[in-house]
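Residue numbers (our numbering), protein chains in the order written: chain A, 1 to 386; chain B, 1 to 386.
Just so you know, even glycine gets a beta-carbon here, dropped at the ideal spot from N, CA and C.
Okay, structure first, notes after.
There are 2 protein chains.
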Amino acid sequence: MNVAVVGVGQTKFGEHWGRSLRDMAIEAGLLSTQDAGIGLDDVQSLYIGNMSSGNFIGQEHLAALIADQLGLSPKPAVKCEAACASGGLAFRQAYLAIKSGMADVVMVLGVEKMTDITGEHAISALMAAGDQEWESSIGLTFAGAYALIARRHMEMFGTTQEQLAMVSVNNHKNALNNPFAQFNMNITVEDVLKSSMVAEPLHLLDCSPITDGSAAVILANERGVSRFEKPVWILGSGHGTDTLALHDRKSLVEMLATRTAAKQAYDMAGLSARNINFAEVHDCFSINEIVAIEDLGFCGKGEGGRFVEDGSIAVDGEKPINATGGLKAIGHPVGATGVRQIVDVVRQLRGDSYNQISGCEYGLALNIGGSGATSIAHIFGMVGRK
Amino acid sequence: MNVAVVGVGQTKFGEHWGRSLRDMAIEAGLLSTQDAGIGLDDVQSLYIGNMSSGNFIGQEHLAALIADQLGLSPKPAVKCEAACASGGLAFRQAYLAIKSGMADVVMVLGVEKMTDITGEHAISALMAAGDQEWESSIGLTFAGAYALIARRHMEMFGTTQEQLAMVSVNNHKNALNNPFAQFNMNITVEDVLKSSMVAEPLHLLDCSPITDGSAAVILANERGVSRFEKPVWILGSGHGTDTLALHDRKSLVEMLATRTAAKQAYDMAGLSARNINFAEVHDCFSINEIVAIEDLGFCGKGEGGRFVEDGSIAVDGEKPINATGGLKAIGHPVGATGVRQIVDVVRQLRGDSYNQISGCEYGLALNIGGSGATSIAHIFGMVGRK
Chain A
1 MNVAVVGVGQ TKFGEHWGRS LRDMAIEAGL LSTQDAGIGL DDVQSLYIGN MSSGNFIGQE
61 HLAALIADQL GLSPKPAVKC EAACASGGLA FRQAYLAIKS GMADVVMVLG VEKMTDITGE
121 HAISALMAAG DQEWESSIGL TFAGAYALIA RRHMEMFGTT QEQLAMVSVN NHKNALNNPF
181 AQFNMNITVE DVLKSSMVAE PLHLLDCSPI TDGSAAVILA NERGVSRFEK PVWILGSGHG
241 TDTLALHDRK SLVEMLATRT AAKQAYDMAG LSARNINFAE VHDCFSINEI VAIEDLGFCG
301 KGEGGRFVED GSIAVDGEKP INATGGLKAI GHPVGATGVR QIVDVVRQLR GDSYNQISGC
361 EYGLALNIGG SGATSIAHIF GMVGRK
Chain B
1 MNVAVVGVGQ TKFGEHWGRS LRDMAIEAGL LSTQDAGIGL DDVQSLYIGN MSSGNFIGQE
61 HLAALIADQL GLSPKPAVKC EAACASGGLA FRQAYLAIKS GMADVVMVLG VEKMTDITGE
121 HAISALMAAG DQEWESSIGL TFAGAYALIA RRHMEMFGTT QEQLAMVSVN NHKNALNNPF
181 AQFNMNITVE DVLKSSMVAE PLHLLDCSPI TDGSAAVILA NERGVSRFEK PVWILGSGHG
241 TDTLALHDRK SLVEMLATRT AAKQAYDMAG LSARNINFAE VHDCFSINEI VAIEDLGFCG
301 KGEGGRFVED GSIAVDGEKP INATGGLKAI GHPVGATGVR QIVDVVRQLR GDSYNQISGC
361 EYGLALNIGG SGATSIAHIF GMVGRK
């Protein structure tokens with residue numbers, strides 16, 4: 001049975017000093033039901049994507065908490081975690097729950113409150129997504145992990161710092177009219193190259209920020225969907241994993257998890273990379289967008305830097321990537337990001353995005369956890385499949 | 001399509017100073033495939049139940065990690081969390097994944113490594129399962145929360161400290177021959193009443209311990225199940241939630257989440273409390289076993305204390321509860337417990353338990369999170385349903 005996204009909502013992403021996690025979750029959740037034109041009574045189950053509320057705010061057991069705060073108790077509520085891919089994971093599990101026949105209408109809500117602890121502690125909390133025994137315990141940070149990937153990509157394929165910078169420039173430009181983005185400002189390649197070095201070759205403006213925020217979607221199956229105006233159908237779903245520790249992988253410049261997830265999603269949708277009109281891609285660091293567009297098959301391995309440089313990823317390019325700003329400019333509340341990506345794909349397909357791509361039929365969302373140990377890919381379209 | 005448990009495994013529960021979380025998970029996972037008579041190649045997907053590895057060992061992103069350690073990458077791996085109900089939650093999500101048609105054979109693995117931090121820090125990490133704004137931030141502990149429930153139960157129904165103690169006495173007696181239990185020792189009612197007071201009226205021996213351990217099961221659908229020898233079928237599955245904060249509930253002595261989960265599971269199985277021959281019930285504190293057997297309908301509300309006192313919960317009683325030792329004597333590695341309960345239900349139904357109940361046809365596992373904000377119930381039998 002086909003399943004569609006029938007409502008979307010999100011908070012503004014940013015540093016919300018005056019708001020709690022539950023407060024942001026309530027806003028995003030209610031906006032998604034409002035957009036779907038339903039009440040909370042219609043929602044039969046809740047899936048929460050969150051990475052680390054235990055470390056960030058001393059709160060686990062988040063699914064039951066948010067269910068209560070939204071007035072959904074005693075309905076089932078599930079929290080899923082796969083580091084920065086938690087939102088995509090929760091979405092996929094909600095999709096499977098509907099496919100199982102257990103529910104017709106489900107809410108998926110991603111949320112993270114990251115600014116209640118210091119930046120230093122946040123860096124260390126985030127590194128819990130890497131291998132504790134082999135990476136974080138010896139001082140590796142995520143910027144460090146992605147710097148290793150970037151260095152190897154530069155060495156093997158001649159990718160340049162300028163090309164890395166162009167990823168951030170593209171994404172910032174795309175966010176100028178996004179009212180939910182953490183940053184609405186243009187930056188230049190020179191700005192990126194002049195910004196502080198975080199982990200060579202990655203500068204500050206190659207890195208997505210620390211962000212508070214929440215995003216939510218409503219899923220419904222064909223039985224539940226008839227009353228909704230603009231269903232956006234899930235055509236493909238894929239989920240792959242890989243080693244947490246970078247040194248255990250055969251290659252630093254290719255993510256097996258992404259290739260696995262993408263193949264599953266393409267096969268299920270009966271589509272190939274060529275058919276995809278645009279994508280939301282996980283740009284936690286600029287290099288990751290380049291590696292991801294290669295692994296998704298939008299260009300060949302090693303060609304990502306040139307693909308960015310020649311303008312293919314621009315909104316009016318061959319394959320618009322992160323048309324509303326990506327993690328870099330919208331912000332990256334880690335557990336919320338995977339759901340926010342889907343919110344933006346849905347808005348594009350409905351034709352009401354803040355930076356609308358013309359004539360798009362198929363959109364893809366790729367959510368990556370850690371340095372690539374989890375990848376979740378979903379393909380969406382305006383027409384369902386049998 | 002019917003789904004069955006076709007393999008079970010677990011580590012010894014206890015204080016494993018010399019073992020890591022991943023080490024325990026590998027042991028339990030391999031034992032479950034060995035018991036099922038399959039190889040890891042046959043496992044298509046992994047579901048992990050874990051509450052708080054971020055706080056306990058500085059490691060999130062556990063599902064991809066364990067998938068790698070077991071050699072399952074790049075297959076999908078999902079972590080589910082609902083505090084102490086994380087294991088039951090992971091089991092239910094794996095069940096839904098099979099029902100959705102996404103997989104035929106899935107591993108569910110619960111694991112927690114709690115002794116790498118001090119007891120004081122563990123108490124505080126566990127309290128993240130309560131309401132951070134209204135409970136833990138003002139100093140409530142879980143023993144404190146359950147003490148409030150016990151006090152109210154005693155006041156309303158005349159439940160006695162001796163009756164509470166008898167829960168622990170029963171469970172310790174049942175664990176005497178369980179090679180995986182943290183404690184293999186008899187205790188008396190006097191021992192319980194003389195043990196240190198933790199949160200009045202709960203003594204030390206009313207409380208389950210802090211434990212390291214892992215448990216795993218293999219699930220298969222009818223397509224996958226033909227080659228397995230002793231499938232134990234899932235007949236009913238239920239999942240309910242409630243407010244995290246105790247003060248928001250209508251009643252302290254009744255758990256809405258449990259009643260919701262139980263009703264769903266009974267309805268789905270076409271069975272009632274009367275039909276259930278035995279149960280694994282979440283006795284994190286002695287009072288919780290009493291409240292749970294009432295909410296499951298094994299006796300009337302308020303009659304739980306007398307039900308325990310008259311021997312109904314003994315292995316040769318009317319309704320054996322926690323026949324292999326419960327959380328109290330087997331130990332309570334929080335994310336593993338819900339899976340371990342199912343391992344023990346399966347062993348009983350197969351007839352190869354360490355403390356075998358004679359003539360049992362239907363068994364129930366009830367896994368509770370926090371002070372009752374999540375409850376997950378599953379009913380099992382040797383014959384599948386259409």
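When A/V167, A/A269 and A/M102 are compared against A/R306, the one with the closest alpha-carbon: The shortest C-alpha separation from A/R306 is found at A/V167.
A/G372 by DSSP, collapsed to three states: which one? In the three-state reduction of the DSSP assignment, A/G372 falls in the coil class, being assigned neither a helical nor a strand state.
Name the chain B residues whose beta carbon is nearer than 8 Å to that of A/L65? Per Cβ cutoff of 8 Å: D131, L244 and A373.
Close-in-space but distant-in-sequence residues of the same chain around B/D191 (CB under 7 Å, 5 per side omitted): Counting only Cβ-Cβ distances below 7 Å, and skipping sequence neighbours, we find L205.
Three-state class that DSSP yields for A/F183 in the structure shown: In the three-state reduction of the DSSP assignment, A/F183 falls in the coil class.
Once the 5 residues before and after B/D39 are set aside, which same chain residues still bring their CB inside 8 Å of it? As written in the sequence, residue 39 of chain B is Gly, which differs from the Asp given in the question. Scanning its chain for C-beta atoms nearer than 8 Å, with the 5 sequence neighbours on each side dropped, one finds around B/G39 the residues T33, in chain order.
Rounded to the nearest angstrom, what separates A/H16 and A/G213 at their Cα positions? Answer to the nearest angstrom: the Cα atoms are 8 Å apart.
Determine the DSSP secondary structure at B/Q10, reduced to helix, strand or coil. Of the three classes helix, strand and coil, the one that applies to B/Q10 here is strand, per DSSP.
Under 7 Å Cβ-Cβ, which residues of chain A neighbour B/T260? Proximity of chain A to B/T260 at the Cβ level (cut-off 7 Å) is accounted for by P74, in chain order.
What residue range does the beta strand (DSSP E) around A/H239 cover? Segment V232 to T241, the beta strand (DSSP E) holding A/H239.
Residue(s) in a DSSP beta bridge with B/G41: The residue asked about is misnamed: residue 41 of chain B is Asp in this sequence, not Gly. Answer is none; B/D41 lacks a bridge partner.
Looking at chain B, is there any beta carbon in it that lies within less than 8 Å of the beta carbon of A/C80? Among the CB atoms of chain B, one or more fall inside 8 Å of the CB of A/C80.
Going along chain A, which residues have a C-beta under 8 Å from B/T241? Contact annotation for B/T241 against chain A: A63, A64, A67, D68, L72, S73, P74, K75, P76 and A77 [CB-CB distance below 8 Å, chain order].
What is the C-beta distance between B/V108 and B/V343, in whole angstroms, given that I count them as a contact (C-beta under 8 Å)? About 10 Å separates the two Cβ atoms, so there is no contact after all.
Can you name the residues of chain A whose CB is closer than 8 Å to the CB of B/G369? Chain order gives the chain A residues near B/G369 as H61 and A64, where near means a beta carbon separation below 8 Å.
Between the Cα of B/G58 and the Cα atoms of B/H332, B/S45, B/L72 and B/I117, which residue gives the shortest distance? Comparing alpha carbon positions, the residue from B/H332, B/S45, B/L72 and B/I117 closest to B/G58 is B/I117.
Counting only Cβ pairs nearer than 7 Å, list the residues of chain B close to A/A97. Within chain B, the residues near A/A97 are L96.
Kindly say whether A/L89, judged by its beta-carbon, lies nearer than 8 Å to any beta-carbon of chain B. Proximity of A/L89 to chain B, defined by a Cβ-Cβ separation below 8 Å, is satisfied.
Could you say which of B/V111, B/E133 and B/L140 lies nearest to B/I123 if we only look at CA atoms? When only C-alpha atoms are compared, the closest one is B/L140.
Strictly under 8 Å for the Cβ-Cβ distance: is B/S100 near chain A by that measure? Yes, B/S100 lies at the interface with chain A (some Cβ there is under 8 Å from its Cβ).
Which residues in the same chain have their Cβ closer than 6 Å to the Cβ of A/L176, if we skip the five residues on either side of it in sequence? Excluding its 5 nearest sequence neighbours in each direction, A/L176 has C-beta neighbours in its own chain below 6 Å: N184, listed in chain order.
Where A/G311 falls, given that 16 or more other Cβ within 10 Å makes a residue buried: So A/G311 counts as exposed.
DSSP bridge partner residues for B/K250 (one or two, in chain order): Listed as beta-bridge partners of B/K250 by DSSP are no residues whatsoever.
For B/G58 and chain A, any beta-carbon pair shorter than 8 Å? Put simply, the CB of B/G58 is near chain A, with a gap under 8 Å to one of its CB atoms.
On a Cα-Cα basis, can you pick out the residue from B/T115, B/A257, B/M127 and B/L148 that is closest to B/I376? Looking at the Cα atoms, B/A257 is the closest of the given residues.
Counting contacts by CB-CB distance shorter than 8 Å, is A/S214 in contact with chain B? It does not: the Cβ of A/S214 has no partner Cβ on chain B nearer than 8 Å.
Could you pull the DSSP bridge partners for A/E60 from this structure? None, per the DSSP bridge assignment.
B/W233 beta carbon less than 8 Å from that of B/G49: For B/G49 and B/W233, no; Cβs fall outside 8 Å.
Consult DSSP for B/M127 and reduce its assignment to one of helix, strand or coil. If DSSP states are grouped into helix, strand and coil, B/M127 belongs with the helices.
CB A/G87 to CB A/A262, shorter than 8 Å? Contact: no.
List the residues of chain B that A/Q93 touches, going by C-beta distances under 9 Å, in chain order. Going along chain B in sequence order, the residues near A/Q93 (Cβ under 9 Å) are V78, C80, Q93, L96 and A97.
If we require 3 or more residues per run, which beta strand (DSSP E) segments fall completely within the segment 97-148 of chain A? Unbroken beta strand (DSSP E) runs of no fewer than 3 residues, entirely contained in the segment 97-148 of chain A, are found at 105-112, following chain order.
Write down the C-beta distance between A/V105 and A/D42 rounded to the nearest angstrom, noting that I regard them as a contact closer than 8 Å. The beta-carbon separation of A/V105 and A/D42, rounded to 5 Å, stays under the 8 Å limit for a contact.
Just the Cα atoms here: how many angstroms apart are A/G362 and A/F91? The sequence given here places Tyr at residue 362 of chain A; Gly does not occur at that position. Per the coordinates, the alpha-carbon of A/Y362 lies some 18 Å from the alpha-carbon of A/F91.
Contact between the segment 282-294 of chain A and the segment 249-256 of chain A is defined here as three or more beta-carbon pairs at a separation below 8 Å; is this criterion met? Touching, yes, given that three or more Cβ pairs across the two stretches are closer than 8 Å.
Quick one: which chain A residues come within Cβ less than 9 Å of B/S136? Neighbours of B/S136 on chain A, chain order: G58 and Q59.
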